[in-house]
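Each remark here refers to the structure printed beneath this line.
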Ligand SMILES: O=C(CO)[C@@H](O)[C@H](O)COP(=O)(O)O
Ligand SMILES: [Fe+2]
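In our numbering, the protein residues as written are 95 to 320.
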């Protein structure tokens, strides 16, 4: 079991006029990484930001914070090099957005980034053939934008992936917070994206600690059960 509990606030839920200081605040509150949602208004209905913003953020927060780029874009191939140059650490693309995942995985690795592969709620076992070639699988637990209700019916997908790929980093994203994290952790997710529940809280440090404890306890229980 090579994976750890990691908590990544989705900074889209923060005051976007202060993104740099919000990123720093999340890291100071104990975040393990930062989850940055890129939406192009085509693959999903909303628009957020692109690589110029990531470049500014990297300059503002320094080299340390790990940027997990959640690329909710059509044609993810076109942003690999710009995102790598801007300072992204992991490029998480959607399986639904490409006809050639193998080439894209290769390009991402050659650009020096880790590879994340995301699936929308309607996509299931299509991820499996790629699981041994990626660093992380992202199981979406909402459709398309922040602040929505957690889809518990995605948990069998997480459990199945965990049973098949015992060492893979598995991330969940969408509606995850103190009320829903236990279900994710028990199913086998170890990377937790949380936007509104962390950033909207008066005490983000405590929420991050609670999320991490829930995942760490589930990991420990799983290792004892083996
Ligand atoms: O990718 C997405 C939404 O599509 C997310 O990263 C959300 O931004 C998470 O926000 P919450 O649902 O946790 O508020
Ligand atoms: Fe996301």
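Cβ atoms here follow ideal geometry from the backbone N, Cα and C, with glycine treated the same way.
6 Å CB neighbourhood of residue i in its chain, flanking five on each side removed
i, result
"residue 276", "308"
"residue 274", "244"
"residue 228", "209, 211"
"residue 283", "252, 264, 266"
Nearest to residue i (by Cα), restricted to the options the options
i, options, result
"residue 116", "159, 132, 254, 145", "159"
"residue 324", "197, 317, 304, 238", "A question about residue 324 goes unanswered here, because the residues of the chain that appear run from 95 up to 320."
"residue 265", "199, 287, 138", "287"
"residue 223", "255, 242, 250", "255"
"residue 197", "212, 177, 171", "171"
"residue 230", "272, 164, 294", "164"
"residue 128", "175, 191, 105, 166", "105"
"residue 180", "161, 202, 149, 189", "149"
"residue 292", "97, 122, 111", "122"
"residue 176", "301, 202, 281", "202"
"residue 153", "303, 306, 118, 262", "118"
Chain C within 9 Å of residue i, Cβ atoms only
i, result
"residue 308", "In summary, chain C is missing from the structure at hand, where a single protein chain is found."
Distance between residue j and residue i (C-alpha atoms, nearest Å)
i, j, result
"residue 218", "residue 225", "12 Å"
"residue 279", "residue 168", "30 Å"
"residue 207", "residue 319", "34 Å"
"residue 285", "residue 316", "16 Å"
"residue 290", "residue 138", "19 Å"
"residue 195", "residue 204", "14 Å"
"residue 173", "residue 200", "14 Å"
"residue 98", "residue 310", "7 Å"
"residue 114", "residue 186", "21 Å"
"residue 303", "residue 140", "30 Å"
"residue 301", "residue 192", "35 Å"
"residue 213", "residue 220", "9 Å"
Whole-angstrom C-beta distance between residue j and residue i, which should lie under 8 Å
i, j, result
"residue 107", "residue 271", "No, residue 107 and residue 271 are not in contact; Cβ-Cβ is about 11 Å, not under 8 Å."
"residue 142", "residue 132", "6 Å"
"residue 145", "residue 166", "Rounded, the Cβ-Cβ distance is 14 Å, inconsistent with contact."
Same chain, Cβ closer than 8 Å to residue i, neighbours up to 5 away in sequence not counted
i, result
"residue 248", "215, 233, 234, 235, 266"
"residue 242", "236, 268, 269"
Under 9 Å between C-beta atoms of residue i and residue j
i, j, result
"residue 299", "residue 102", "no"
"residue 151", "residue 130", "yes"
"residue 100", "residue 134", "no"
"residue 96", "residue 257", "no"
Cβ-based neighbour list, residue i, same chain, cut-off 7 Å, excluding 5 preceding and 5 following
i, result
"residue 182", "148, 161, 163, 207"
"residue 312", "279, 280"
"residue 259", "225"
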